[in-house]
Amino acid sequence: MSRKIGVSRVRHKSSGEVREDSAAVGRAGHVLLLDLPVESAYHLPSDVTEVDDAVRVLLEIPGVPVESLQVRVLGNRIEVTGEKTPDFPGGETSFLCLERIFGKFRRAFEVRGSVNLGEVSARLANGILVITIPKIAERRGREHRIPVTIG
């Protein structure tokens, strides 16, 4: 089972509740990202944004070094894998509270629509991984004249 994410979500002004906006789904119908179910130690929080020339997936991964991250395009899927290793001091440690999560993670998104998966880029800064998926220019509503031949 997959769920639609990204530009189709809106936050209700009075309650703060986030829910699907069917009008936004129609407006953004040319690009669709599906959050694919994968086995993972924990779920990376994500946002999906759309600008004129790209779709951006932002994943919150504080404390994860770039060396332990891998971003891959597999067909029409974008997959992020990595590992957040514990940073406890050596020796035996006794915890009074342990809320942080460590371990291997994996997140996958299926991308449908007019995007160029051959030009995907990723940047890590301040604990946020930003994956940029460029849109295909010819499909952004620009006019493309078709020559008419005789015969």
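In the working numbering, each number is its position in the sequence shown, counted from 1, plus 122.
Ideal Cβ positions, reconstructed from N, Cα and C, are used throughout, including at glycine.
Proximity of residue i and residue j at Cβ, strictly below 8 Å
i: Phe224; j: Pro208; result: yes
i: Leu191; j: Leu246; result: yes
i: Asn238; j: Ile258; result: yes
i: Asp175; j: Pro256; result: yes
Spatial distance of residue i from residue j (CA atoms)
i: Glu65; j: Glu172; result: Any question about residue 65 goes unanswered here, given that the chain covers just 123 to 273.
i: Thr203; j: Glu232; result: 15 Å
i: Lys226; j: Val193; result: 14 Å
i: Arg222; j: Asn198; result: 32 Å
i: Glu161; j: Val270; result: 52 Å
i: Cys219; j: Tyr164; result: 18 Å
i: Ala150; j: Phe217; result: For Ala150, the predicted structure reports a pLDDT of 47, less than 50, and the residue's modelled location is therefore unreliable. A value from the coordinates is still provided. One C-alpha to the other measures close to 47 Å.
i: Ile272; j: Thr254; result: 43 Å
Contacting residues, own chain, Cβ-Cβ under 6 Å from residue i (five flanking each side not counted)
i: Leu180; result: Asp169, Ile250 and Val252
i: Lys206; result: Gly185, Val186 and Phe224
Among the options, nearest to residue i - alpha-carbon criterion
i: Ala244; options: Lys226, Val177 and His165; result: Val177
i: Glu241; options: Ile268, Ile200 and Glu161; result: Ile200
i: Ile183; options: Arg229, Arg267 and Glu161; result: Arg229
i: Val188; options: Ile272, Ser216 and Asn248; result: Asn248
Neighbourhood of residue i by C-beta, 7 Å cutoff - its chain only, sequence neighbours within 5 removed
i: Val195; result: Leu239 and Val242
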